[in-house]
Each structure stands twice: as structure tokens, then as C-alpha cells.
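Here the working numbering runs 181 ahead of the position in the sequence shown, where the first position is 1.
Think of the CB as a built atom: it goes at the ideal place given N, C-alpha and C, for glycine as much as any other residue.
Structure first, commentary second.
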Amino acid sequence: MIQDQSLITFDYRNQKFVLSPEKGSTSVRLEFYTTDFKNEEVYLQLSDLISSTKDQIIKSFDFLIYPNLSAEKYFGDKNLSYLSKALAQQQNLNSLNLNLYCNQIGDVGASQFAESIAKLNSLTSISINFGRNSIGHLGAQKLAESIKTCENLSDLDLNFDENPITDQGVIELSKGICQCKKLTSFKLSFRYMTLTDISVALLAESIGKCQNLRFLKIFIPGNINNQARNITNLSISKFGQSIVQSQNLIYFHLDISAQNIGENAILGLGRSISQSQSIVEFILDASSEPNLVSNQGFMYFRKQCLLSKKILKMLIYL
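Written out as C-alpha cells, the structure is:
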């Protein structure tokens with residue numbers, strides 16, 4: 182193993198790996214520079230690899246993993262299981278950044294991954310891209326159960342775009358999120374999924390219980406080619422109530438484009454923004470075809486938002 186001021190490099194079975202320390206932190210980024218390794222062999226040895234470098238890493242490990250595979254190969258539940266076993270041994274891990282977009286991950290892999298997360302009480306930051314996989318409500322439930330055990334979690338970024346998660350899965354996630362009392366930054370993405378007010382309204386209520394939240398991004402756009410637009414005024418009114426309750430929220434980005442949102446709900450959200458004592462930046466995408474908000478409604482909405490004494494930046498797409 183060779184170490185310089187910025188990198189720890191090593192070879193494993195004729196493949197090159199680099200551990201790149203983040204400036205100003207004790208975390209280390211693990212990047213894979215290969216296209217032809219056998220995943221099983223690498224991840225079976227990952228726990229030994231981490232142990233061999235722990236003296237240099239000291240306290241934490243920041244995994245930024247982009248499996249660079251051909252179209253015929255995917256990370257899959259099996260390899261996620263290997264990675265999960267390695268992660269579970271890292272009791273001092275405080276930051277986890279994992280990209281598994283479009284890698285044939287299902288409930289089995291997500292559940293095993295969740296079990297490893299539940300053992301990492303030191304985690305303060307989690308960023309996971311599970312977009313375009315096959316995770317259903319069972320996998321979402323297990324992830325929710327693990328997240329609420331992370332008592333020190335302050336930064337949470339979850340991407341479930343284009344997964345078959347139903348309302349029940351989002352309800353379980355909502356229950357887990359409201360238990361994260363130290364959460365200050367939260368991003369959640371459910372692009373192009375068939376969700377309804379049943380779960381989204383509860384999600385909005387749960388967010389309102391995170392009183393330390395400062396940065397919030399929620400993406401729940403519908404599919405513009407799909408006639409099933411199931412999120413309506415009820416969910417938006419719940420988000421409005423949460424905004425008023427969140428006394429520390431300074432940034433709010435909400436994407437509810439291509440949903441069934443009426444003008445009255447949009448105007449109500451504007452009134453909530455005007456009542457907020459903390460929001461300085463607000464981004465809303467409620468665009469749809471056909472447009473459900475009139476020009477007069479848009480002007481009134483804008484006027485309502487600008488009544489806020491704190492707002493400095495506002496982007497609206499209607």
C-alpha cells in the first residue's frame with residue numbers, strides 16, 4: 182500500500198483502487214476504477230480491506246461507490262449483501278454515500294442493507310440513490326426501521342425514483358423519518374411512482390415534526406404521459422401546515438409537477454410561505470398539462486409569498 186498526502190492507493194487482484202481523504206475531515210472516499218472485476222470476489226474481501234486501512238482512516242469511512250459495469254452486469258442483491266456485511270463492522274462510520282442507481286436491487290438486498298445501517302449508531306449523514314430498482318414496500322419498511330435507530334442522523338438523502346414502492350412503503354418511511362429528531366437536511370425523491378394522498382399527506386405531517394430541519398427537498402412529480410395523477414390538494418395543504426410549524430426551515434424545494442393540484446391548494450401554500458418566520462429560499466414546481474392555475478391565480482400566489490419578511494429567493498413553475 183502506498184500513501185501520500187492526498188491518496189491511499191492499493192492493488193487488489195490486479196485492479197487499482199484509490200482511497201481519497203476528504204479535505205478537512207476524517208472520512209475517506211472509496212472509488213472503483215475497473216470494468217471487469219468479479220464483484221463477489223471484491224466485496225467478500227471488502228471488510229478485510231477496510232480493517233487493513235483503519236489506522237489511516239481513524240474514525241470514519243465515506244463510501245462513494247459507482248459500480249462501473251457493462252450492460253450485462255449489475256450490482257444486484259448478492260453484492261449488496263457482501264457490502265452490507267462489511268459496513269456492519271464499521272462501528273465508527275459517520276458518513277455513507279452510496280449510488281446504486283439501476284442495479285437490480287430488490288427487497289432482499291434493501292432489507293439486508295437496512296440491517297447493517299441499524300448497527301451504525303455513529304452515522305450522521307446518509308445519501309443513498311436506489312433509483313430505478315425493484316424495491317417495494319417491504320424494503321422501504323426495513324430501511325425506515327433502520328433509519329430511526331440512527332439517533333445522530335442530521336443529513337438524509339434518499340432517492341427511490343421509479344421503484345414499485347406503494348403508499349404502504351411511504352407510510353413506513355414517514356414513521357421512521359419523524360423519529361430523526363436531529364435531522365437538519367432532508368431530501369426525498371419519488372419520481373414517476375404511483376402514490377396517493379394517503380401516504381404523501383402523512384409524509385408532509387411527519388416532516389412537520391422534524392423541528393430542527395433547515396433544508397428540505399421533496400420530489401414527487403407524476404408521469405406526464407400517465408393519466409393517473411393521484412396527489413391532490415390534500416397533500417399540498419399538509420405541506421403548508423408543516424411549513425408553518427417548521428420554525429428553523431430556511432430552504433424548501435417542492436416538485437409536484439404533473440399532479441392533480443388545483444389553484445386553491447397552490448394559493449393556500451402561498452399563504453403558508455407568507456406565514457413562515459424562517460424560509461429565505463423557496464422553489465416550487467407545480468407545472469402540469471393542462472395548466473390548473475390561472476394567470477390571476479399565479480399573480481396572487483406570488484403576492485402572498487412576497488408578504489414573507491424573510492424570503493430572498495423564489496422560483497415558481499406553474
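How about Q293 and L319: are their beta carbons less than 8 Å apart?
On the sequence shown, position 112 is the one that residue 293 refers to. On the sequence shown, position 138 is the one that residue 319 refers to. Not in contact: Q293 and L319 (Cβ atoms no closer than 8 Å).
With a CB to CB cut of under 8 Å and the five nearest residues on each side skipped, what residues in its chain are close to G317?
As a working note, residue 317 is residue 136 in the sequence shown. Correct list, in chain order: G287, D288, N344, P345, I346, T347 and G350.
Opposite G287 in the DSSP bridges: which residues?
To locate residue 287, count along the sequence shown from 1; it is residue 106. Looking at the DSSP assignment, G287 forms a beta bridge with S315.
Looking only at its own chain, which residues have a Cβ that is under 7 Å from the Cβ of L376, when we skip the five neighbours before and after it?
Taking the first residue of the sequence shown as 1, we reach residue 376 at position 195. So the list reads D348, V351, I401, N411 and I412, once near-sequence residues are dropped.
In whole angstroms, what is the alpha-carbon distance linking S416 and D378?
Counting from one through the sequence shown, the residue named residue 416 turns up at place 235. Counting from one through the sequence shown, the residue named residue 378 turns up at place 197. The alpha-carbon atoms of S416 and D378 are separated by roughly 6 Å.
Are the beta-carbon atoms of S335 and S306 separated by less than 8 Å?
Locating residue 335 in the sequence shown gives position 154, where the first residue counts as 1. Locating residue 306 in the sequence shown gives position 125, where the first residue counts as 1. Yes, the Cβ-Cβ distance between S335 and S306 is below 8 Å.
Return the CA-CA distance between N472 and N333, expressed in angstroms with no decimal places.
Position 291 of the sequence shown, counted from the start, is the residue given in the question as residue 472. Position 152 of the sequence shown, counted from the start, is the residue given in the question as residue 333. Approximately 43 Å between the Cα atoms of the pair.
Considering only the alpha carbon of each residue, which of N404, C361 and G403 lies closest to G389?
The sequence position of residue 389 within the sequence shown is 208, counting from 1. Comparing Cα positions, the closest option is C361.
Just to confirm my understanding: we take M495, look at its own chain, exclude 5 residues before and 5 after, and list those with CB closer than 7 Å. What are they?
Translated into the one-based positions of the sequence shown, residue 495 becomes position 314. Once the five neighbours on either side are set aside, the close Cβ partners of M495 are F463 and C486.
Spatial distance of S427 from M480 (CA atoms)
Residue 427 sits at position 246 when you count from the first residue of the sequence shown. Residue 480 sits at position 299 when you count from the first residue of the sequence shown. For S427 and M480, the distance between alpha carbons rounds to 26 Å.
Span of the beta strand (DSSP E) holding K398?
Here the question's residue 398 lines up with position 217 in the sequence shown. Here the beta strand (DSSP E) through K398 covers F396 to F400.
Going by Cα to Cα distance, which pick from L384, S355, A291 and L337 is closest to K363?
The sequence position of residue 363 within the sequence shown is 182, counting from 1. Taking only the C-alpha atoms, the option nearest K363 is L337.
Classify L397 as buried or exposed, calling it buried when 16 or more other Cβ atoms lie within 10 Å of its own Cβ.
On the sequence shown, position 216 is the one that residue 397 refers to. So L397 ends up on the buried side.
Selection from L301, A267, Y263 and Q285 that minimises the alpha carbon distance to L274:
In the sequence shown, the residue the question calls residue 274 occupies position 93. Per the Cα distances, L301.
Length of the line joining the Cα atoms of L383 and K259:
If you number the sequence shown from 1, residue 383 lands on position 202. If you number the sequence shown from 1, residue 259 lands on position 78. Computed Cα separation, rounded: 33 Å.
Quick test of your reading: S308 and N278, contact by CB under 8 Å. State the CB separation rounded to the nearest angstrom.
Looking up residue 308 in the sequence shown gives position 127. Looking up residue 278 in the sequence shown gives position 97. With a Cβ gap of about 5 Å, S308 and N278 count as contacting.
Mind checking whether S167 and S438 have CB atoms under 8 Å apart?
With the chain covering 182 to 499 only, the question about residue 167 has no answer from this structure.
Is L230 helix, strand or coil when you go by DSSP?
Your numbering for residue 230 matches position 49 in the sequence shown. Reliability fails at L230, whose pLDDT of 42 lies under 50, so the model's placement of it is uncertain and the value that follows must be treated cautiously. In this structure, L230 counts as helix in the three-state DSSP scheme.
How big is the Cα-Cα spacing for C283 and G257?
The residue given as residue 283 occupies position 102 in the sequence shown. The residue given as residue 257 occupies position 76 in the sequence shown. Taking the straight line joining both Cα atoms gives about 9 Å.
Over the uninterrupted alpha helix (DSSP H) stretch that includes K484, give me the two end residues.
On the sequence shown, residue 484 is found 303 positions in, with the first residue counted as 1. Run containing K484: N476 to L487, per the alpha helix (DSSP H) assignment.
In terms of DSSP beta bridges, what is Y498 paired with?
Here residue 498 refers to the residue found at position 317 of the sequence shown. Y498 pairs with D466.
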